[in-house]
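**Student:** Going down the list, the protein sequences come from chains W and D.
So the number in the numbering used here is just where the residue sits in the first sequence, counting from 1, plus 4.
So the number in the numbering used here is just where the residue sits in the second sequence, counting from 1, plus 4.
2 protein chains.
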Amino acid sequence: MSTVTLDEMLKALSHPVRRDILHWLKQPELYFADQEHPLSLGVCAGKIERKTGLSQSTVSAHLATLQRAGLVQSKKVGQWHFFCRNDAQIQQLLAHLSQDL
Amino acid sequence: MSTVTLDEMLKALSHPVRRDILHWLKQPELYFADQEHPLSLGVCAGKIERKTGLSQSTVSAHLATLQRAGLVQSKKVGQWHFFCRNDAQIQQLLAHLSQDL
DNA sequence: TTCATATATCGTAATATCGCGATATAAACA
DNA sequence: TGTTTATATCGCGATATTACGATATATGAA
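(1) Taking 8 Å as the threshold (beta carbon to beta carbon), is W:S18 in contact with chain D?
(2) Which residue or residues does DSSP assign as beta-bridge partners of W:H85?
(3) At what residues does the alpha helix (DSSP H) containing D:E4 begin and finish?
(4) So, does the CB of D:K55 fall closer than 8 Å to a CB anywhere in chain W?
(5) Distance cutoff 8 Å, beta carbons only. Does W:H41 sit that close to anything in chain D?
(6) Report the option in W:L29, W:Q71, W:A99 whose CA atom is closest to the CA atom of W:G46.
(7) Chain W beta carbons: is any one of them nearer than 8 Å to that of D:S6?
(8) For W:I25, go through chain D and note every residue whose CB falls closer than 7 Å to its CB, in chain order.
(9) Cβ closer than 8 Å: which chain W residues qualify as neighbours of D:K15?
(10) Give a yes or no on whether the C-beta atoms belonging to D:I66 and D:R22 are separated by under 8 Å.
(11) What is the residue span of the alpha helix (DSSP H) that D:S64 lies within?
(12) Since D:A73 contacts D:A16 with CB under 8 Å, what's their CB separation in whole angstroms?
(13) Please confirm if the stretch 88-101 of chain W is in contact with the stretch 35-53 of chain D, defined as three or more CB-CB distances below 8 Å between the two stretches.
(14) Closer than 8 Å, CB to CB, is D:D11 near chain W or not?
(15) Please classify W:V63 as buried or exposed, where buried requires at least 16 other C-beta atoms within 10 Å of its C-beta.
(16) Using alpha carbons as the reference points, say which of W:A49, W:E33, W:S18 lies closest to W:P42.
(17) What residues in the stretch 73-99 of chain W have a beta carbon less than 7 Å from any beta carbon of chain D?
(18) Is it buried or exposed, W:S59, if we count other Cβ atoms within 10 angstroms and call 16 or more buried?
(19) Take the Cβ of W:S44 as the centre, count every other Cβ of all protein chains shown within 10 Å, and call the residue buried at 16 or more, exposed below.
(20) Enumerate in chain order the residues of its own chain whose CB-to-CB distance from D:L70 is below 6 Å, with the five nearest sequence positions on each side excluded.
(21) Measuring straight from C-alpha to C-alpha, what distance separates D:L1 and W:D11?
(22) Of the choices D:K80, D:R54, D:Q96, whose alpha-carbon is the least far from that of D:I25?
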């Protein structure tokens, strides 16, 4: 894991809303049960936006931060952007922290 | 672990200099072998300051941030302030992240 | 094509963080 | 007492982050 990415990941984790989003995405069936689209696609940005209560643009920026840090992935299906955790990266981060912190 | 402290800890970890300091304090005999005082006391602030290359006031603020987050502890001996890791807290943080992140 | 929906980007204001020098405080020493 | 050493705190400018509304872009539907 590059130092730049480690820095980006920890900066991304340093905001409570972004941690909330990661937490919700861990069990989408628990937090986004009402999504029309199958949760196997991920959770669409609008759902996350409404759950935070913040503005659309703010949440879009938070999601972009998480994605730049490699902590989430997104796929575009039609007009929707579905987000899911990048658990491999998250596990790598945890392993790295356990080792080096 | 309270949410406030989790937030403080992750914010503290989101700066590379503070992560460096934590890393150095993990093996003080490796990074501060030239300290006049026994390393069992911890590493004194001035040593850390010179290792970072930053100003005294800046490093003092970083150490205060780490301490508020509970990631390091300090003891005052004479005119020196010795810092060491709070490994119990760090382990608790890692456990919490492994569980909830 | 026009309209509605979903998301990203832009511009901006408010706030937080960072780093510095200057100064305050406290301890040790002459 | 005054002086030096070690650290903390203050004040400030520079930069980064956060949040917002407005607008742009893209997709899909009418």
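Glycine residues also receive a C-beta, built at the ideal position from the N, C-alpha and C atoms.
**Tutor:** Straight from the coordinates:
(1) yes
(2) W:K80
(3) Residue 4 of chain D is absent from the structure shown; chain D starts at 5 and stops at 105.
(4) no
(5) no
(6) W:L29
(7) no
(8) None at all; the shortest Cβ gap to chain D is about 12 Å.
(9) S18
(10) According to the sequence shown, residue 66 of chain D is His rather than Ile. Yes, they are a contact pair.
(11) 60-72
(12) 4 Å
(13) no
(14) yes
(15) buried
(16) W:E33
(17) I94, L98
(18) exposed
(19) exposed
(20) A16, R22, V76
(21) Not covered by the structure: residue 1 of chain D. The range shown for chain D is 5 to 105.
(22) D:R54
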